[in-house]
Amino acid sequence: MPILCALNQDGTTRYNELKRKIRGITNTMLASSLKELEEDGLICRKQYMEMPVRVEYALTDLCSDLMPILRQLAHWGIQVQESE
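All letters in the sequence shown, in the order written, are residues 730 to 813 by the working numbering.
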């Protein structure tokens, strides 16, 4: 969820920028999460053939449509925690 929130807030983002924005995430966890989100069709990965190689990540249209639902779910979770 933090990856999707970061991409939703900032748009197309490079790997190291995502790593800086998501405190405490390891390289292994970030890489595996990005791969899984890409396989699920929620983010797209664009690699540029430059030296050094540049890779950018962005939300797909499918995920952009899903973001309002995820925001509502997060809001609901916060309300439940506060009421306990």
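Backbone N, C-alpha and C define an ideal beta-carbon position, used for all residues, glycine too.
Classify Leu-736 as buried or exposed, calling it buried when 16 or more other Cβ atoms lie within 10 Å of its own Cβ.
When all chains shown are included, Leu-736 counts as buried.
Quickly, what does DSSP pair Ile-772 with across the bridge? List them, please.
Leu-788
Buried or exposed for Tyr-786, going by 16 or more other Cβ atoms inside 10 Å?
Buried.
Alpha carbons only, please: which of Arg-800, Thr-789 and Met-780 is nearest the one belonging to Ile-772?
Thr-789
Run through DSSP, which three-state label would Thr-757 get?
helix
Would you call the CB atoms of Leu-802 and Leu-733 closer than 8 angstroms?
no
By DSSP's criteria, Thr-742 is part of a beta bridge. Which residues make up the other side?
Tyr-786
Here's the rule I'm using: 16 or more other beta-carbon atoms within 10 Å means buried, otherwise exposed. How should Thr-742 be labelled?
Only buried fits Thr-742, as 16 or more other CB atoms lie within 10 angstroms of its CB.
Can you tell me whether Glu-747 is buried or exposed? The criterion is at least 16 other CB atoms within 10 Å of its CB, across all chains shown.
Before going further, note that residue 747 is Leu rather than Glu in the sequence given. Per the 10 Å Cβ criterion, buried.
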